[in-house]
Amino acid sequence: NAGVTQTPKFRILKIGQSMTLQCAQDMNHNYMYWYRQDPGMGLKLIYYSVGAGITDKGEVPNGYNVSRSTTEDFPLRLELAAPSQTSVYFCASSNDRGRSSNYGYTFGSGTRLTVV
Amino acid sequence: TQLLEQSPQFLSIQEGENLTVYCNSSSVFSSLQWYRQEPGEGPVLLVTVVTGGEVKKLKRLTFQFGDARKDSSLHITAAQPGDTGLYLCAGVGYYGQNFVFGPGTRLSVLP
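Chains A and B supply the protein sequences, listed in that same order. Sequential numbering of the first sequence, starting at 12, is according to this note's numbering. Sequential numbering of the second sequence, starting at -10, is according to this note's numbering.
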């Protein structure tokens, strides 16, 4: 069982370039999330999805876009990359929003992005 | 916006020592989680607590949810080098959509 798979693991972008961070899960989870992690700042929610075809903004959505055409895939698009988007990006999924005592979020291993 | 504070920010101890890290907020949470994150990896769920005053044990780790559901603690007994990592707490309010994460406590256990 692969869980949550993120690609690529590392990427260097030049200012103004665009790219898509890929995320796929094989657990049939309805809920999927994109976070960014900066040193000492914890995880900040960028976008989330409660099911195929439904997405919504999180705490820090500016400069990003998402789509959810299937249950399995939740790509994150960066348009016109800026140095402020240098960060580690994590994709996560859950099957009940993590509220019960039995479930939480399953995270991928992250994409480290540097914008120069 | 719900905010979570974690203390201490950094902790370095010797193998075999006990330690407690804290997660605090002014907000009430319906559910609170603890994760451990190792370098180069994503966070891994340790526990979810949903009842005020609840205590859960996971081998040498003891988690407590405050009676008022605003705080939580993680106690590690006889720490081992394998416990090294970033410990994150995350909470969601009764009317919140998604979990909010604290900044984490970075633990280093020296052999």
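Every residue, glycine too, gets a C-beta built ideally from N, C-alpha and C.
Buried/exposed call for Asp56 of chain B, threshold 16 Cβ in 10 Å: Looking at its Cβ environment, which holds fewer than 16 other Cβ atoms inside 10 Å, Asp56 of chain B is exposed.
With three or more C-beta pairs closer than 8 Å as the rule, is the stretch 55 to 65 of chain A touching the stretch 4 to 14 of chain B? Taking 8 Å as the limit for Cβ pairs, the verdict is that the stretch 55 to 65 of chain A does not touch the stretch 4 to 14 of chain B.
Report the three-state DSSP secondary structure of Ser62 of chain B (helix, strand or coil). Ser62 of chain B falls in the strand class under three-state DSSP.
Of the residues B:Asn13, B:Leu21, B:Ala67 and B:Gln(-2), which one's Cα is nearest the Cα of Tyr83 of chain B? With distances taken between Cα atoms, Tyr83 of chain B lies closest to B:Leu21.
Among A:Ile65, A:Gln28 and A:Asp84, which one has its Cα closest to the Cα of Cys128 of chain A? Within the shown structure, residues of chain A are numbered from 12 to 127, placing residue 128 of chain A beyond reach of any answer.
Could you check whether the stretch 45 to 61 of chain B touches the stretch 15 to 34 of chain B, counting it as contact only if at least three pairs of C-beta atoms, one from each stretch, sit closer than 8 Å? Flag = yes, the stretch 45 to 61 of chain B and the stretch 15 to 34 of chain B touch.
Beta bridge counterpart(s) of Glu(-6) of chain B as assigned by DSSP: Per DSSP, B:Asn13.
Considering just the uninterrupted stretch of the beta strand (DSSP E) at Ser60 of chain A, what are its terminal residues? Leu54 to Gly62 is the span of the beta strand (DSSP E), which, as asked, contains Ser60 of chain A.
If you measure from the beta carbon of Glu27 of chain B to each beta carbon in chain A, is any gap under 8 Å? No, no contact with chain A.
Quick one: grab the DSSP three-state call for Gln17 of chain A. Here Gln17 of chain A carries a strand assignment [DSSP, helix/strand/coil].
Determine whether the beta carbon atoms of Pro72 of chain A and Gln33 of chain A lie at a separation below 8 Å. Their beta carbons are not under 8 Å apart, which means Pro72 of chain A does not touch Gln33 of chain A by this criterion.
Tell me which residues of the stretch 74 to 106 of chain A have at least one Cβ-Cβ distance to chain D shorter than 7 Å, keeping chain order. Although the question refers to chain D, the structure presented lacks it and instead comprises the protein chains A and B.
Is it the case that the Cβ atoms of Lys59 of chain B and Val10 of chain B are separated by a distance below 8 Å? Not a contact, by the Cβ cut-off of 8 Å.
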